[in-house]
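In case it helps, the numbering used here puts the sequence shown at residues 6 to 380. Every residue, glycine too, gets a C-beta built ideally from N, C-alpha and C.
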Amino acid sequence: MQWRRAVVCVLGMLTLVGAAACTTPPSPTQPPSAAALTTGPDPAPATTSALPGLIRPPATAGAPTPSARVHLTAAGDYGATAATGGVLRALGASGSDAHFALGDLSYGSPGGEASWCSFVTSRLGVGFPFELLAGNHESDGSNGSIDRFAACLPNRLGGAVGQYAHQYYVDLPRSTPLVRVVLVSPGLTFPDGTWSYAEGSARYAWTADAIDGARRAGIRWVVVAMHEPCLSMGRYGCSSGPDLQHLLVSKRVDLVLSGHEHLYQRTKQLREGAGCARVTVGSYSPACVADADTSMVAGAGTVFATVGTGGVALRQVATADPERGYFAAASGTGSKPTYGFADLRVTSDELRYSFVRGAGGGFTDSWVLRRTPSL
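Next comes the structure, spelled out in structure tokens:
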């Protein structure tokens with residue numbers, strides 16, 4: 006079966022950063038690894054709650070075995086361009102177990118959601134876990150409704166806690182979780198208003214509980230995803246909010262992924278503590294940098310990556326931005342403009358990250374987080 010061959014190949018390639026997969030893309034009816042991620046009962050729909058802070062984490066199966074591993078990808082800001090097609094084709098060939106779409110999907114007119122879903126599934130297969138998170142273009146309905154997108158690209162992983170495509174988390178693999186992916190929507194405007202993640206809000210508390218719950222359950226890695234970043238060398242400010250950024254850094258979340266800015270940018274490993282009460286917004290403090298190279302110790306800080314490179318036209322990186330010192334890598338127009346996605350290969354001891362090209366130039370980025378025996 007194709008998915009079994011894909012898993013064998015990924016196991017052999019995990020030591021190569023950003024290596025191309027040797028499998029063929031999944032067939033339209035059978036994704037390569039979805040079965041491995043949803044063993045047990047049939048996937049259940051994500052639950053919803055009018056009081057998101059009251060959602061409780063599910064029980065887990067205990068500590069992961071040494072051989073457990075998972076392969077995830079993520080990007081945002083797609084459209085339906087030739088570059089988008091290139092990104093989706095590269096994604097289909099990657100052997101990814103699941104892809105997290107970080108918002109701003111079709112950029113089309115409301116009512117065209119199903120057509121864009123078909124654009125995706127015709128390249129990845131109907132059953133491929135193309136997991137959605139709202140962007141500002143879908144939350145307010147200007148380019149379609151996130152609920153309609155979620156209807157034609159539903160959660161394929163099962164076990165999601167929260168409201169799919171709005172605010173939820175999922176533990177992977179389900180049987181022996183290695184990583185919890187927490188997806189939130191700070192600063193986005195939905196029909197019920199603009200969602201705040203300010204300290205003291207219910208959504209701030211929900212996010213903190215999702216992170217703490219992963220740690221209590223012994224899940225080794227925590228990745229948070231949101232559409233709009235806080236730190237950026239693009240055109241936007243910290244619309245996701247400094248309180249949420251402080252929460253994520255203070256809890257030493259391993260990786261934070263976002264889109265919104267139509268470029269690629271990745272920070273150094275950032276920390277708070279002695280000499281850095283908070284990672285400052287709108288300026289740069291060297292004391293807030295835990296590590297600046299590509300081999301980092303897990304638990305020492307947080308890496309932020311913006312991957313708004315799913316296919317919509319790219320923009321220029323503002324290299325004179327006052328936050329520039331926080332960043333270790335960046336690419337946009339005028340700097341090897343490249344479309345692609347973040348690729349995460351996760352084991353109990355390592356989180357290996359690379360940027361995988363789908364179209365455009367030849368920009369690359371790769372780094373690794375490693376756990377010491379005491380962490």
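With 16 other Cβ atoms within 10 Å as the buried cut-off, status of residue i
| i | result |
| --- | --- |
| D259 | buried |
| P57 | A caution first: P57 carries a pLDDT of 33, below 50, which makes its placement in the model unreliable, though a value can still be read off. Burial call: buried. |
| Y358 | buried |
| R271 | buried |
| S127 | exposed |
| S123 | exposed |
| A11 | With a pLDDT of 40 at A11, under the threshold of 50, the modelled position of that residue is not reliable, and no figure is offered here. |
| A155 | buried |
| P115 | exposed |
| D370 | buried |
| G367 | exposed |
| D109 | buried |
| G311 | A small fix is needed here, since residue 311 is Thr in this sequence, not Gly. That one is buried. |
| T314 | buried |
| T212 | buried |
| S147 | exposed |
| G167 | buried |
| S111 | buried |
Residue i - partner residues in DSSP beta bridges
| i | result |
| --- | --- |
| Q397 | The first residue shown for the chain is 6 and the last is 380, placing residue 397 beyond what the model contains. |
| G365 | T343 |
| S359 | D348, S371 |
| F105 | A79, E136 |
| V131 | None; V131 has no bridge partner. |
| A230 | L188, L262 |
| R74 | T352 |
| Q250 | According to DSSP, Q250 bridges with nothing at all. |
| Y269 | V312, S336 |
| L275 | V294, T307 |
Residues near residue i in its chain [Cβ-Cβ closer than 8 Å; skip 5 each side]
| i | result |
| --- | --- |
| V373 | V22, T299, S300, M301, E355, L356, R357, Y358 |
| G246 | P191, G192, S201, Y202, A203, C235 |
| L275 | V254, V284, C293, V294, A295, G306, T307, V308, F309, Y331 |
Contact set for residue i: own chain, Cβ-Cβ below 7 Å, skip 5 residues either direction
| i | result |
| --- | --- |
| T338 | L319, R320, Q321 |
| A333 | R271, T272, K273, A297 |
| E75 | As written in the sequence, residue 75 is Val, which differs from the Glu given in the question. So the list reads D102, L177, P178, L183, V184, V351, once near-sequence residues are dropped. |
| G365 | A88, P342, T343, Y344 |
| V361 | G23, A95, S99, G345, F346, D348 |
| V125 | L93, F135, L158 |
Other residues of its chain near residue i: CB distance less than 6 Å, five sequence neighbours each side excluded
| i | result |
| --- | --- |
| P381 | What is shown of the chain runs 6 to 380, which leaves residue 381 out entirely. |
| L77 | A103, L349 |
| T86 | G316 |
| V187 | Y174, A215, V229 |
| R225 | L183, S353 |
| C243 | C235, V286 |
### Task
Evaluate contact between the region 184-202 and the region 133-153, counting only Cβ atoms and requiring at least three cross-stretch pairs below 8 Å.
yes
### Start-end ranges of the alpha helix (DSSP H) lying completely within the region 147-219, minimum 4 residues
151-157
### Query
If you pair each beta-carbon of the region 273-282 with each one of the region 91-105, do three or more pairs fall below 8 Å?
no
### Task
Spell out a yes or no on whether the region 196-208 and the region 235-243 are touching, meaning 3 or more CB-CB pairs, one atom from each, closer than 8 Å.
Under the 8 Å Cβ criterion, the region 196-208 does not count as touching the region 235-243, having fewer than three qualifying pairs.
### Message
With three or more C-beta pairs closer than 8 Å as the rule, is the region 259-269 touching the region 324-344?
### Response
yes
### Task
Quick one: which unbroken beta strand (DSSP E) runs of 3-plus residues sit fully inside the region 278-327? Chain order, please.
294-296, 300-302, 308-312
### Query
Using 8 Å as the threshold, is the region 322-330 in touch with the region 104-123, meaning 3 or more CB pairs across them?
no
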